[in-house]
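Numbering (this note's numbering), first residue to last: 120 to 298.
By construction, the Cβ of each residue, glycine as well, lies at the ideal position given by its N, Cα and C atoms.
Quick caveat: nothing in here was measured; it's all calculated off a predicted structure.
First up is the structure itself, then whatever we jot down about it.
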């Protein structure tokens, strides 16, 4: 990164992959950012800043830093704030429309659940369930990766995660009851 964005310096994105569709077609680079919570405009703007200010995905232009041609941002979130409207010069647009104007693809939890079904997981195995049981984003990623690798053990993986984090949830319940 040329300059740090939102406290991120080195590992600013979750995944990067390049696709070369044909022999005469230019390669397309997809950059994935994941957020396991309610996504707001600030999150989309931070992601775009990361793309603009990275050495690999950004380029200097006459009107400031821009995302390079052939780089597509993919933002995955469990939920996007439906009530949030982005104010432009003369109109208010939804967060999804705003992301589309920035050339960012949005992926919802339902999209991930659909991929899990296609991969052979039961309908009770969901991204939302993994997010609820995990203690943080790193554990969600690890859990979903394990489920993807071994779909036959998906239920067992989630049960083990629930048992592992039970003391954390008991502590959170105590805090809620005292406040």
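DSSP places residue 224 in the uninterrupted beta strand (DSSP E) bounded by 223–226. A straight-line Cα-Cα distance of about 37 Å links residue 191 and residue 283. Residue 234 and residue 280 have their C-alpha atoms spaced approximately 21 Å apart. For the pair of segments examined, the region 162–182 was found not to touch the region 260–280: the number of CB pairs separated by less than 8 Å stays below three. Take the alpha-carbon of residue 236 and the one of residue 172: they are about 37 Å apart. Excluding five sequence positions before and after residue 200, the CB atoms of its chain that fall closer than 7 Å to its own CB belong to 157, 158, 159, 214, given in chain order. Look at residue 211 here: in three-state DSSP terms it is strand. At the C-beta level, residue 135 and residue 148 come within 8 Å of one another. Closest by C-alpha distance to residue 204, out of 161, 138, 139, 174, is 161.
Residues 170, 171, 176, 177 of the same chain have their beta carbon placed closer than 7 Å to that of residue 186, with the five preceding and five following residues left out of the count.
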